[in-house]
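**Student:** Protein chains in written order, with the numbering used here: chain A, 1 to 343; chain B, 344 to 686. By construction, the Cβ of each residue, glycine as well, lies at the ideal position given by its N, Cα and C atoms. Predicted model, so just to flag it, every value in this text is computed and none were measured. Let me begin by handing over the structure; questions about it come next.
There are 2 protein chains.
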Amino acid sequence: MELSQRKEKILAAVVEHYIKTGEPVGSKTLLSALDITVSSATIRNEMAELAALGYLEQPHTSAGRIPTNEGYRYYVDNLMGVRPLDESVKRQIEAGVSLKNASPEAILAKASEFLADMTDCAAVSTTPSGENATIKRIEFVPVGTRTGMIVLLTSTGVIKSKVCRSDVDLNSSMIEKFYNIVKSSFLGLPLDDIDTATLQTLVASMGADALTMIPFVSAVSELAQEAMRTMVMLGGQSNILRYREDYGTTAYELMDFLRRGEPISQLLANSKEDFDVKIGGENKFKQLENSSVIMAHYNIDGDNRGSIGIIGPTRIDYASLIPSVRYLTDLVGELLTQTLNEG
Amino acid sequence: MELSQRKEKILAAVVEHYIKTGEPVGSKTLLSALDITVSSATIRNEMAELAALGYLEQPHTSAGRIPTNEGYRYYVDNLMGVRPLDESVKRQIEAGVSLKNASPEAILAKASEFLADMTDCAAVSTTPSGENATIKRIEFVPVGTRTGMIVLLTSTGVIKSKVCRSDVDLNSSMIEKFYNIVKSSFLGLPLDDIDTATLQTLVASMGADALTMIPFVSAVSELAQEAMRTMVMLGGQSNILRYREDYGTTAYELMDFLRRGEPISQLLANSKEDFDVKIGGENKFKQLENSSVIMAHYNIDGDNRGSIGIIGPTRIDYASLIPSVRYLTDLVGELLTQTLNEG
DNA sequence: GTTAGCACTCTTTTGCTATGAGTGCTAACC
DNA sequence: GGTTAGCACTCATAGCAAAAGAGTGCTAAC
Chain A
1 MELSQRKEKI LAAVVEHYIK TGEPVGSKTL LSALDITVSS ATIRNEMAEL AALGYLEQPH
61 TSAGRIPTNE GYRYYVDNLM GVRPLDESVK RQIEAGVSLK NASPEAILAK ASEFLADMTD
121 CAAVSTTPSG ENATIKRIEF VPVGTRTGMI VLLTSTGVIK SKVCRSDVDL NSSMIEKFYN
181 IVKSSFLGLP LDDIDTATLQ TLVASMGADA LTMIPFVSAV SELAQEAMRT MVMLGGQSNI
241 LRYREDYGTT AYELMDFLRR GEPISQLLAN SKEDFDVKIG GENKFKQLEN SSVIMAHYNI
301 DGDNRGSIGI IGPTRIDYAS LIPSVRYLTD LVGELLTQTL NEG
Chain B
344 MELSQRKEKI LAAVVEHYIK TGEPVGSKTL LSALDITVSS ATIRNEMAEL AALGYLEQPH
404 TSAGRIPTNE GYRYYVDNLM GVRPLDESVK RQIEAGVSLK NASPEAILAK ASEFLADMTD
464 CAAVSTTPSG ENATIKRIEF VPVGTRTGMI VLLTSTGVIK SKVCRSDVDL NSSMIEKFYN
524 IVKSSFLGLP LDDIDTATLQ TLVASMGADA LTMIPFVSAV SELAQEAMRT MVMLGGQSNI
584 LRYREDYGTT AYELMDFLRR GEPISQLLAN SKEDFDVKIG GENKFKQLEN SSVIMAHYNI
644 DGDNRGSIGI IGPTRIDYAS LIPSVRYLTD LVGELLTQTL NEG
């Protein structure tokens with residue numbers, strides 16, 4: 001649906017004013033905000049048509065107009081000025097994500113926290129997916145007479161470690177056996193090939209050694225699972241209280257939603273575009289029906305690997321936050337790529 | 344201040360009723376809740392005296408009474424029935440904290456999460472303090488041509504690892520040198536002895552090797568810092584919305600307070616008693632002036648090492664939650680002790 | 001197509017009047 | 001002297017009506 005230029009100008013003004021104030025916008029208010037030489041009556045006519053088209057709505061007869069989700073959508077797709085990011089904001093973001101010698105988890109946790117502070121929204125991010133990763137290296141570090149730490153390194157640079165415990169005292173022959181198993185069965189294996197069936201075959205093939213090796217083998221498999229699982233990093237839950245009225249009764253549900261990693265990683269993985277904006281009910285999740293999500297995906301070595309996003313009320317400041325989220329996400333991607341390739 | 348038995352009975356009834364309903368309690372309501380054979384007028388007289396003594400207050404003249412912080416304090420110290428925990432609740436708690444082969448961090452994170460769900464409050468816990476810990480073991484695991492992972496194990500069973508990066512390609516002689524330094528300078532050292540001054544002396548004494556060894560040495564020191572730092576585990580922030588009216592305007596500040604680890608670990612470390620209850624303003628932190636904190640300390644090998652607590656509104660159900668927090672904390676202490684000694 | 005004007009709608013505010021919960025006080029009672 | 005019935009008093013709350021105000025939609029004129 002194409003709108004006339006004037007209608008677009010009016011729609012944009014309504015959206016922007018409402019985003020700023022949270023109050024319904026009337027024709028007179030609009031008149032002073034708009035550099036347009038028509039009367040309020042004309043604006044009223046236009047607004048009535050915009051309402052008929054589904055872009056605006058009235059909370060009640062004697063109130064101004066507020067954008068519908070479709071209104072926001074039209075605004076984001078067609079009207080929003082994509083002004084380039086302020087240099088000072090760029091610097092600020094760069095300072096916010098710079099983190100030397102840190103793990104991907106730490107980098108993303110920091111990024112979420114920073115993004116939340118910067119945008120006054122809740123921020124989420126997912127760690128790189130381990131889908132196409134293989135096992136690059138496995139090491140065993142004894143830490144006690146019967147316990148040791150297994151360290152697993154994947155081809156995507158993820159390092160996971162776990163303490164595991166044997167039923168008998170450790171000795172060098174056991175450790176040697178462990179390394180043999182690792183060399184012959186695990187190295188180079190895609191993470192997702194390590195399922196229960198594989199393990200059972202492996203254990204069966206070990207014969208007499210099976211009993212002592214089981215804790216180690218299963219620890220490796222748990223590590224592989226962990227390395228594959230994308231983790232969700234959260235920041236700024238407290239910001240939900242900032243826009244409490246906008247979320248209405250979904251505020252509690254939204255907070256609760258944020259605790260659960262699984263739906264969030266679904267949400268973020270949902271779109272394959274470079275970046276994406278989901279407005280209100282466009283999100284599949286009921287808990288997000290009063291929220292908008294701005295998300296972007298970061299690449300590691302050019303490969304789309306994870307996402308960073310913010311969750312705010314539908315009257316979130318799209319125009320200025322979208323570029324910020326994108327820029328930050330790109331930076332994080334670069335940082336992660338760099339961290340990975342430095343090894 | 345000693346109260347008459349009847350006053351105590353009335354105060355207890357007011358506290359319990361208010362905790363349950365959140366509404367001010369009047370003399371007639373009290374009459375039916377109490378198995379006492381006096382008239383409402385007598386109760387009024389008693390309540391007026393309790394108010395004069397500072398244990399009760401009136402939101403306004405025509406309302407019932409609500410407990411003051413002093414009222415809660417008297418209730419907790421003298422009146423609260425310390426009925427033993429229900430067996431079914433015990434089972435529930437035991438199921439909630441059981442976690443095999445997990446790190447202390449994971450155990451405490453799970454415990455916080457579980458406690459929050461169980462009590463409808465926000466829950467916090469601190470990892471064992473590393474104050475008296477020494478370095479028990481340090482290992483180096485190469486993970487790339489120039490990077491390796493350093494694993495540090497303390498006498499208190501804390502395991503920390505960190506990837507570190509050298510400026511030149513790794514070779515076996517460097518690794519050997521590293522182990523020499525570790526053996527001669529780090530093993531057995533108390534964690535808090537590793538400060539910048541020690542490091543500088545150490546680096547100075549290395550002569551020509553200093554340059555290549557610095558990344559490793561400083562990584563070890565960072566790990567020692569990390570191992571010493573108590574971490575704060577959070578659970579159930581969303582529960583703050585549950586008692587939003589009780590927190591009033593401090594709700595946002597409370598949520599924000601929870602994000603910051605430092606003040607929480609101060610809060611929890613504050614009391615040296617076995618367990619402690621802080622009511623409203625008794626907490627030193629302004630953000631907690633409408634909150635009560637129930638906390639207990641867990642022991643590892645009989646040594647007081649960390650804390651678990653819940654933060655709720657002042658009208659929290661002390662009588663039933665205090666035993667729960669204590670029981671859970673004891674269990675976690677046992678679990679951590681066991682985990683530690685299994686190595 | 002635009003606009004001035006006006007009637008109309010509906011929320012919000014204000015003021016007023018019950019209503020009722022709950023108190024404090026007094027005087028009588030045991 | 002403690003207890004209690006009775007009653008006047010206070011004050012939040014609910015309900016209602018009137019007034020104010022914001023904003024609209026429509027019509028008729030430009």
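1) Taking residue 607 of chain B as the query, report the chain A residues whose CB atoms sit under 7 Å from its CB, ordered along the chain.
2) Keeping to the same chain, check which residues put their C-beta closer than 6 Å to that of residue 219 of chain A; ignore five residues upstream and five downstream.
3) Ignoring anything shorter than 4 residues or poking outside the region 93 to 131 of chain A, list the alpha helix (DSSP H) runs there in chain order.
4) Mind checking if residue 101 of chain A is an interface residue toward chain B, Cβ cutoff 8 Å exclusive?
5) What are the boundary residues of the alpha helix (DSSP H) that residue 319 of chain A is part of?
6) What does DSSP give as the partner residues of residue 639 of chain B in its beta bridges?
7) Let me know the beta strand (DSSP E) ranges lying completely inside the region 154 to 215 of chain A, each 3 residues or longer, listed in chain order.
8) For residue 239 of chain A, count neighbouring C-beta atoms within 10 Å of its own C-beta (all shown protein chains included) and say buried if the count is 16 or more, exposed if not.
9) Using a Cβ distance threshold of 8 Å, determine whether the region 99 to 114 of chain A contacts the region 346 to 355 of chain B, with at least three qualifying pairs required.
10) Which residues in the same chain have their Cβ closer than 8 Å to the Cβ of residue 49 of chain A, if we skip the five residues on either side of it in sequence?
11) According to DSSP, residue 233 of chain A sits in a beta bridge with which residue or residues?
12) Between residue 594 of chain B and chain A, is any beta-carbon pair separated by less than 8 Å?
13) Roughly how many whole angstroms lie between the Cα atoms of residue 467 of chain B and residue 205 of chain A?
14) Quick one: which chain A residues come within Cβ less than 7 Å of residue 464 of chain B?
15) By the DSSP assignment, the alpha helix (DSSP H) with residue 600 of chain B in it spans what residues?
16) Using the rule of at least 16 other Cβ atoms within 10 Å of the residue's Cβ for burial, across every protein chain shown, is residue 132 of chain A buried or exposed?
17) Along the chain, where does the beta strand (DSSP E) that runs through residue 83 of chain A open and close?
18) For residue 345 of chain B, count neighbouring Cβ atoms within 10 angstroms of its own Cβ and tell me buried if that reaches 16, exposed if not.
19) Quick one: residues in its chain with C-beta nearer than 7 Å to the C-beta of residue 46 of chain A, no 5 flanking neighbours on either side, listed in chain order?
20) Quick check: the Cα distance between residue 319 of chain A and residue 328 of chain A, rounded to an integer number of angstroms?
21) Whose C-beta lies closer than 7 Å to the C-beta of residue 513 of chain B among residues of the same chain, with five residues either side of it excluded?
22) Measure the alpha-carbon distance for residue 212 of chain A versus residue 155 of chain A and round it to whole angstroms.
23) With DSSP run on the structure shown, which of helix, strand or coil describes residue 386 of chain B?
24) Return the bridge partner residues of residue 364 of chain B from the DSSP annotation.
25) For the region 607 to 617 of chain B and the region 635 to 654 of chain B, state whether three or more C-beta atom pairs, one from each stretch, are separated by less than 8 Å.
26) In terms of DSSP beta bridges, what is residue 352 of chain A paired with?
27) Hey, is residue 237 of chain A's beta-carbon within less than 8 Å of any beta-carbon in chain B?
28) For residue 333 of chain A, which residues of its own chain have a beta-carbon under 7 Å away from its beta-carbon, when the five flanking residues on both sides are left out?
29) I want to know whether the region 587 to 603 of chain B touches the region 613 to 627 of chain B - three or more CB-CB distances under 8 Å.
30) Output needed for residue 244 of chain A: all residues of its chain with C-beta closer than 7 Å, excluding positions within five of it in sequence on either side, in chain order.
31) Can a CB atom of chain A be found closer than 8 Å to the CB of residue 413 of chain B?
32) So is residue 425 of chain B buried or exposed if we call it buried at 16+ other beta carbons inside 10 Å?
33) Should the region 432 to 450 of chain B be called in touch with the region 355 to 370 of chain B, which here means at least 3 C-beta pairs below 8 Å?
34) Please report the straight-line C-alpha distance between residue 520 of chain B and residue 427 of chain B, rounded to a whole angstrom.
35) In chain B, which residues lie less than 9 Å from residue 229 of chain A when you measure between Cβ atoms?
**Tutor:** Looking at the atomic coordinates:
1) Neighbours of residue 607 of chain B across chain A, judged by C-beta separation under 7 Å, do not exist; the nearest C-beta is about 14 Å away.
2) Cβ neighbours of residue 219 of chain A beyond the five flanking positions: 150, 162, 164.
3) Complete alpha helix (DSSP H) runs here, min 4: 104 to 119.
4) Taking Cβ atoms only, chain B reaches closer than 8 Å to residue 101 of chain A, which makes this a yes.
5) From DSSP, the alpha helix (DSSP H) with residue 319 of chain A extends over 318 to 342.
6) Answer is B/618, B/651.
7) List check, beta strand (DSSP E) in window: 159 to 165.
8) Label assigned to residue 239 of chain A: buried.
9) Below 8 Å, too few C-beta pairs join the region 99 to 114 of chain A and the region 346 to 355 of chain B to call them touching: fewer than three.
10) These residues qualify, in order along the chain: 7.
11) For residue 233 of chain A, which the question treats as bridged, DSSP gives the partners A/125.
12) Under the 8 Å criterion on CB atoms, residue 594 of chain B is classed as interfacial with respect to chain A.
13) Cα to Cα, residue 467 of chain B sits roughly 46 Å from residue 205 of chain A.
14) Chain order gives no chain A residues near residue 464 of chain B, where near means a beta carbon separation below 7 Å; the closest approach is about 14 Å.
15) In this chain, the alpha helix (DSSP H) harbouring residue 600 of chain B covers 593 to 602.
16) Exposed is the label assigned to residue 132 of chain A, since fewer than 16 other Cβ atoms lie within 10 Å of its Cβ.
17) That residue, residue 83 of chain A, is in no beta strand (DSSP E); it is neither H nor E in DSSP.
18) In summary, residue 345 of chain B is exposed, with fewer than 16 beta-carbon neighbours lying within 10 Å of its beta-carbon over all protein chains present.
19) Excluding positions up to five away in sequence, the list reads 6, 7, 10.
20) Answer to the nearest angstrom: the Cα atoms are 15 Å apart.
21) Counting only Cβ-Cβ distances below 7 Å, and skipping sequence neighbours, we find 485, 488, 489, 491.
22) Rounded to the nearest angstrom, the two C-alpha atoms are 28 Å apart.
23) Residue state, collapsed to three classes: helix.
24) Note: residue 364 of chain B is not bridge-paired with any residue in the DSSP secondary-structure output.
25) Contact between the region 607 to 617 of chain B and the region 635 to 654 of chain B is present: 3 or more CB-CB pairs across the two stretches fall below 8 Å.
26) No statement about residue 352 of chain A is possible, as the shown extent of chain A runs from 1 to 343 and does not include it.
27) Yes - at least one Cβ of chain B is within 8 Å of the one on residue 237 of chain A.
28) Excluding the 5 residues flanking it on each side, residue 333 of chain A has same chain C-beta neighbours closer than 7 Å at 298, 299, 300, in chain order.
29) The region 587 to 603 of chain B vs the region 613 to 627 of chain B: no contact.
30) Within the same chain, Cβ atoms closer than 7 Å to the Cβ of residue 244 of chain A are found at 251, the five residues on either side in sequence being excluded.
31) So no, residue 413 of chain B is outside the interface.
32) Exposed, because fewer than 16 other Cβ atoms sit within 10 Å of the Cβ of residue 425 of chain B.
33) Too few Cβ pairs lie closer than 8 Å, so no.
34) Those two C-alpha atoms are separated by around 59 Å.
35) Taking the beta carbon of residue 229 of chain A as reference, no residue of chain B falls within 9 Å; the closest one sits roughly 14 Å away.
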